[in-house]
Amino acid sequence: MLEFPLWKKIWLWGLTLAASLLALPSLFNVAGLDWPASLPNPQVNLGLDLAGGSHLLLEARADDVRAQRLQNMEENVRQLMRNATPRIRIGDVSTGDGRLSFMLENAADIDRARGMIEPAMQGASTTREWELAVVDGQRMVLTQTDAGVDQAIDDAMDSATEVVRRRIDELGTREPTIIRQGDTRIVVQVPGLEDPDALKSLLGQTAQLEFKLVDLNALPENVQAGIAPAGSEVFPYAAGSPQEGQFEAVRRLGGIRGDSLTGAQAGVDPTSNQNVVNITFDAQGGAKFAKLTTENVGKPFAIILDGQVLSAPNINEPIIGGRAQISGSFTAESANSLAIALRSGALPVPLAVVEERTVGPDLGADSIREGLLAMTIGSLAVIALMVASYGRFGVYATIALVCNVLMLLGIMALGNFTLTLPGIAGFVITIGAAVDANVLINERIREERLRGRKVIAAVETGYKEAGRAIYDANFTNFIAGIMLFAFGSGPVKGFAVVLVIGLFTSVFTGVTLTRLMVAGWLRKARPTDITI
Amino acid sequence: MKLLKLVPDNTNIKFLKLRVPFFVLSIVLIIGSWAAVAVNGLNFGVDFAGGQEVRMTFEERETAPIPSLRELVGGLGYGEPVVQEFGGPNAVSIRVRLPEDAEDTPGAATAIGDRVIAAIAAEYPDARTDGNDTVSGKVAGEFRNSAVLALLAAMAAVSFYIWIRFEWQFGVGAMFALVHDVSVTVGLFALTQMEFSLQIVAAILAIIGYSLNDTIVVYDRIRENLKKYRKMPLPELLDLSVNETLARTVMTSLTLFIALVPLLLFGPPSLFGMVAAITAGLFIGTYSSIYMAGPLLIWMGVTSNSFVPQESAMDRQEKIARGEV
Chain E
30 MLEFPLWKKI WLWGLTLAAS LLALPSLFNV AGLDWPASLP NPQVNLGLDL AGGSHLLLEA
90 RADDVRAQRL QNMEENVRQL MRNATPRIRI GDVSTGDGRL SFMLENAADI DRARGMIEPA
150 MQGASTTREW ELAVVDGQRM VLTQTDAGVD QAIDDAMDSA TEVVRRRIDE LGTREPTIIR
210 QGDTRIVVQV PGLEDPDALK SLLGQTAQLE FKLVDLNALP ENVQAGIAPA GSEVFPYAAG
270 SPQEGQFEAV RRLGGIRGDS LTGAQAGVDP TSNQNVVNIT FDAQGGAKFA KLTTENVGKP
330 FAIILDGQVL SAPNINEPII GGRAQISGSF TAESANSLAI ALRSGALPVP LAVVEERTVG
390 PDLGADSIRE GLLAMTIGSL AVIALMVASY GRFGVYATIA LVCNVLMLLG IMALGNFTLT
450 LPGIAGFVIT IGAAVDANVL INERIREERL RGRKVIAAVE TGYKEAGRAI YDANFTNFIA
510 GIMLFAFGSG PVKGFAVVLV IGLFTSVFTG VTLTRLMVAG WLRKARPTDI TI
Chain Z
756 MKLLKLVPDN TNIKFLKLRV PFFVLSIVLI IGSWAAVAVN GLNFGVDFAG GQEVRMTFEE
816 RETAPIPSLR ELVGGLGYGE PVVQEFGGPN AVSIRVRLPE DAEDTPGAAT AIGDRVIAAI
876 AAEYPDARTD GNDTVSGKVA GEFRNSAVLA LLAAMAAVSF YIWIRFEWQF GVGAMFALVH
936 DVSVTVGLFA LTQMEFSLQI VAAILAIIGY SLNDTIVVYD RIRENLKKYR KMPLPELLDL
996 SVNETLARTV MTSLTLFIAL VPLLLFGPPS LFGMVAAITA GLFIGTYSSI YMAGPLLIWM
1056 GVTSNSFVPQ ESAMDRQEKI ARGEV
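For the protein sequence lines, the chains are E and Z, in the order given. Residue numbers for the first sequence, in this note's numbering: 30 to 561. Residue numbers for the second sequence, in this note's numbering: 756 to 1080.
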């Protein structure tokens, strides 16, 4: 039990030294010293609550995806039927309850219609996305399957994550973390952000830009009451525009979406001196835009952003070059924010901020300083108590404690784990609890000596008998640590990480290392009595 | 060299003599804690209640102007705000509820926080914004569910482990001790109305891990003594075991305690609640390992026979060595 072959001694101390060395760069950093650039530089990550920054949890609603899909399908079907030769006439189109239903004016068209719609029902994947049913021989009903909706949500979230990443990259922040969480959520963490509001306003807009023709036949009083004529829909004017509080009726179909842009820049219109956003369509979008404007010269069209009308200018002349200008009561900031959002693409689905945590940059530095101070005082107090109670054995426990803290820090740096504010509490708990193993061992040695055992036998029994309780106690802590990890979000996870790694390092240093030290001393000094 | 001995050798305190009154006390404490929760309620932070929480420090003041802040923020039209000291006398947390439609309007919730901060900054230039949290009602509900689930799962898993390692009576004893520790800690938060947040649940989970350390040491010794003193009456044997391990119980609790006190006094203010919970849990856990985990074993009828089949050759040798056989 107390015999350690040389290779084992070298291996144990080597491991301790290596893990402790890994802690040095982080310690240099905390002390404000420069770590030589030529050496490897593993660092403990600082959580947002210590580094300052923003954490946002964004959520998409499945209903939005469902509705969006349904509308796309409706437009698709209308287009297909119109383009069929001869044209298939349909009517009584309705969307609701997750299904699209319409009547064929001529029941004989049913097979032709089916033949055209069925290919459109299948997406890129093998999942069956829609069910097609024919009712009374003349009505077709397209129902979204759950699997299809799930697939659509999954796709939407994937591309939403990409869009969010592009937008945040445009802000030029360092090391943002953007990960999908669960089915409908995205976690965004941006450390050390100067202006969290800019981030929020950027992610808050879906940036779905639409150009739709104003319905000139709509009765103004109906529009103000929110009632749209058939085939049209009513949108409010955006807050801050001169027409705020008013509504505009636009043709539901036949507009252009702003998702075929190749560029968007904020600028100032030289004639009106207003803030505007200049956009450039891609070839296909440009052609569509040219067609729309050519066919409707002299009529107004509404520029709609995320369901709100920015402005509804008249089309003075066909716009053929694929370039257009969006005006609409922008400030320089909001024009820039919209330009970024349009450049990085529209979100396929609106995202709501369901959780936000922002920590000021000063607080974290204070917390680290206060935490270090408390840790130092606590460690000194623990060391004093241990040495006073167990003498030489307390000194060994102290050495083990120092190794423990260094190893814990080193492993956290190596694994690139994140230290959070509760993690600091985890460090202190680890310091206070790590010596528990030594208390159990030393008390047992004391007890065995009182019973009259010889020194070597007492030490051996002490380590062996105490080992059982140490193992059981640490295992229950480990269970709690795993639960903590599973339960916690960010900061609490940081707490769990420190506690769990601390369990392993403290058993290693508190039991194995002290035994190594005690054994070395016993073999060299061969004491016949020990003070413990 | 004279070493410090906090517990003299051969201490013999008759702990278990008072097992009935203390057990009744423990039960009363558990019931009282839940009564306090029922009557006072827990002061849920934004994590569990949902809403908007702004934390600010008034850098040039001794104490934060809490009443005037309440009035100032109350005047913004988001209902009655909860303004309380947070971590230090010059630091506050301000909580307002989110309007009903905030869930559907992206950005509406966070805009409230910005308005609160702007209003305070205009009135008090020395106010430093330390944090700004928004949690929607839905997410807060998820946090509540997962907190309850994590606490129950941790208690069950730990008790199960004790059952596997010892005997079922010990597992039940551990379970009761845990219920006691968790209840009383939660009860303290209901009583003091300190903010109950995710951090506090984390603290309680840590307590579930650590409060059993003492219990395990005592149980381990009970098992050892059950094998050693086959004829000793159980209450006496428990007393012996508790006394033999008393020095360890005191020392392990003390080392953790003296490590935590500086953190409580000089540590980051926003950790205060969490560290306070762990510190309280430390005492509650030590108490319960003596008065909750022990007496239950008597009533559940643990006998030396519980461990007889497990007596190993090594134990046998040890007895021979001691001349006990």
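Positions of the beta carbon are idealized from the N, C-alpha and C atoms, including for glycine.
Its chain contains Arg478, Leu551, Pro556, Thr557, Asp558 and Ile559 as the residues whose beta carbon lies nearer than 8 angstroms to that of valine 484 (chain E), once the 5 sequence neighbours on both sides are disregarded; these appear in chain order.
Nearest neighbour of alanine 846 (chain Z) by Cα position, chosen from Z:Glu817, Z:Ile872, Z:Val828 and Z:Val871, turns out to be Z:Glu817.
Interface with chain Z (8 angstroms Cβ-Cβ cutoff): methionine 441 (chain E) is excluded. Within the segment 517–539 of chain E, those residues whose Cβ lies closer than 8 angstroms to any Cβ of chain Z are, in chain order, Gly517, Ser518, Pro520, Val521, Phe524, Ala525 and Leu528. The beta carbon of tyrosine 1042 (chain Z) sits no closer than 8 angstroms to any beta carbon of chain E. Arginine 920 (chain Z) belongs to the set of residues whose beta carbon lies under 8 angstroms from a beta carbon in chain E. The contact set of asparagine 968 (chain Z) on chain E, defined by CB atoms closer than 7 angstroms, consists of Asp465 and Ala502 in chain order. In the three-state reduction of the DSSP assignment, valine 973 (chain Z) falls in the helix class. With 16 or more other Cβ atoms inside 10 Å of its own Cβ, glutamine 237 (chain E) counts as buried.
Using a Cβ distance threshold of 8 angstroms, glycine 452 (chain E) and leucine 1011 (chain Z) do not count as a contacting pair. Selection Z:Ile782, Z:Glu814 and Z:Thr1004 evaluated against leucine 761 (chain Z) yields Z:Thr1004 as nearest (Cα-Cα). Approximately 4 angstroms separates the beta-carbon atoms of alanine 909 (chain Z) and methionine 512 (chain E); this is inside 8 angstroms, confirming the contact.
Of all residues in the segment 258–281 of chain E, none is placed with a Cβ closer than 9 angstroms to any Cβ belonging to chain Z. In the structure shown, aspartate 885 (chain Z) falls within a strand segment according to DSSP collapsed to helix, strand and coil.
Inter-residue distance for aspartate 184 (chain E) and phenylalanine 1021 (chain Z) is about 50 angstroms (C-alpha atoms, whole angstroms).
Chain-ordered listing is empty here: chain Z has no CB closer than 7 angstroms to the CB of methionine 436 (chain E), the nearest sitting near 18 angstroms. In the structure shown, proline 249 (chain E) falls within a helical segment according to DSSP collapsed to helix, strand and coil. For lysine 241 (chain E), the closest alpha carbon among the candidates E:Ile285, E:Leu414 and E:Met436 is that of E:Ile285.
DSSP places arginine 116 (chain E) outside any beta strand (DSSP E), giving it a letter other than H or E. Threonine 300 (chain E) sits exposed, since fewer than 16 C-beta atoms from the chains shown fall within 10 Å of its C-beta. Contact between the segment 294–310 of chain E and the segment 378–393 of chain E is absent: fewer than 3 CB-CB pairs across the two stretches fall below 8 angstroms. Valine 326 (chain E) counts as exposed, since fewer than 16 other beta carbons sit within 10 angstroms of its beta carbon. By alpha-carbon distance to alanine 312 (chain E), the top candidate from E:Leu376, E:Phe330, E:Thr291 and E:Leu321 is E:Thr291. Beta-carbon to beta-carbon, threonine 490 (chain E) and arginine 473 (chain E) are separated by about 7 angstroms, close enough to satisfy the 8 angstroms threshold. With 16 or more other Cβ atoms from the protein chains shown falling within 10 Å of its own Cβ, glutamine 234 (chain E) counts as buried. With respect to the C-alpha of arginine 850 (chain Z), the residue from Z:Glu897, Z:Leu1018, Z:Ala804 and Z:Ile959 having the closest C-alpha is Z:Ala804. Of all residues in the segment 219–233 of chain E, those with a C-beta nearer than 9 angstroms to a C-beta of chain Z are Pro225, Asp226, Lys229, Ser230, Leu232 and Gly233, reading in chain order. Closest by C-alpha distance to isoleucine 1033 (chain Z), out of Z:Gly926, Z:Ile872, Z:Lys986 and Z:Ala961, is Z:Ala961. Membership of lysine 241 (chain E) in any alpha helix (DSSP H) is not indicated; the residue belongs instead to the beta strand (DSSP E) covering 238–242. From the listed residues Z:Asn998, Z:Tyr833 and Z:Arg978, the smallest Cα separation to arginine 870 (chain Z) is found for Z:Tyr833.
In the DSSP assignment, arginine 352 (chain E) forms a beta bridge with E:Thr309. Across the set E:Ala295, E:Ala381 and E:Ala370, the C-alpha of E:Ala370 shows the shortest separation from the C-alpha of aspartate 198 (chain E). Residue-level contact check: alanine 1031 (chain Z) does not touch chain E, since none of the beta carbons of chain E fall below 8 angstroms from its beta carbon. Residue state for valine 847 (chain Z) is assigned as strand, using DSSP reduced to three classes. Listed along the chain, the chain E residues whose CB falls inside 7 angstroms of the CB of arginine 883 (chain Z) are Gly389 and Asp391. Methionine 949 (chain Z) carries a coil assignment under DSSP once its states are collapsed to helix, strand and coil.
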